[in-house]
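Participant:
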Amino acid sequence: MINSLFLYSIACILFLIGLFGVLTRKNVIKILVSLSIMETAVNLFLIIVGYIKNGKAPILTRWDPHINIHTLNFVDPLPQALVLTAIVIGLGTTALALTIAIKLYEHYGTLDITKMGDKK
């Protein structure tokens, strides 16, 4: 089994790679790819936080008052729902950002952010 510290490290490294790309790249498309990498890192982090070893889906088929539900090792469905929602929202915002990048290219003739400031 992979150590959870290793997975947390991978998520942090992915986030730092994306942050490095956002801070150092001048091309709008490369900046958007870097933001997508950061988004993936956050989603991975949320999945790791919600992971429970040998966890079961929180579905009770019948109710028995003598069963303690806190000892059944249920998985929390909230992080999974948050990640699914974040993926859908990320897809929409990425599509919008790419549309804006196309409009920037049509207006300025370049995707380099340093050259966009020179042209009016």
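Heads up: the sequence shown begins at 303 in this note's numbering, then just goes up one per residue.
Glycine is no exception: its CB is placed at the ideal position from the N, C-alpha and C atoms.
Since the structure is predicted, the reported quantities are computational estimates derived from the model, not experimental observations.
1. Helix, strand or coil, according to DSSP, for residue 355 in the structure here?
2. Here's the rule I'm using: 16 or more other beta-carbon atoms within 10 Å means buried, otherwise exposed. How should residue 334 be labelled?
3. So for residue 329, helix, strand or coil by DSSP?
4. Which residue marks the beginning of the alpha helix (DSSP H) containing residue 401, and which one marks its end?
5. Compute the beta-carbon to beta-carbon distance between residue 330 and residue 359, rounded to the nearest angstrom, for a pair I have assumed lies under 8 Å.
Facilitator: Straight from the coordinates:
1. Along the sequence shown, read from residue 1 onward, the residue named residue 355 stands at position 53. For residue 355, the three-state secondary structure derived from DSSP is coil.
2. Against the sequence shown, residue 334 aligns to sequence position 32. Classification of residue 334: buried, given that the 10 Å Cβ count is 16 or more.
3. Residue numbering aside, residue 329 sits at position 27 when the sequence shown is read from its first letter. Residue 329 falls in the strand class under three-state DSSP.
4. Your numbering for residue 401 matches position 99 in the sequence shown. Residue 401 -> alpha helix (DSSP H) spans 380 to 410.
5. Your numbering for residue 330 matches position 28 in the sequence shown. Your numbering for residue 359 matches position 57 in the sequence shown. The Cβ separation is near 42 Å, so there is no contact.
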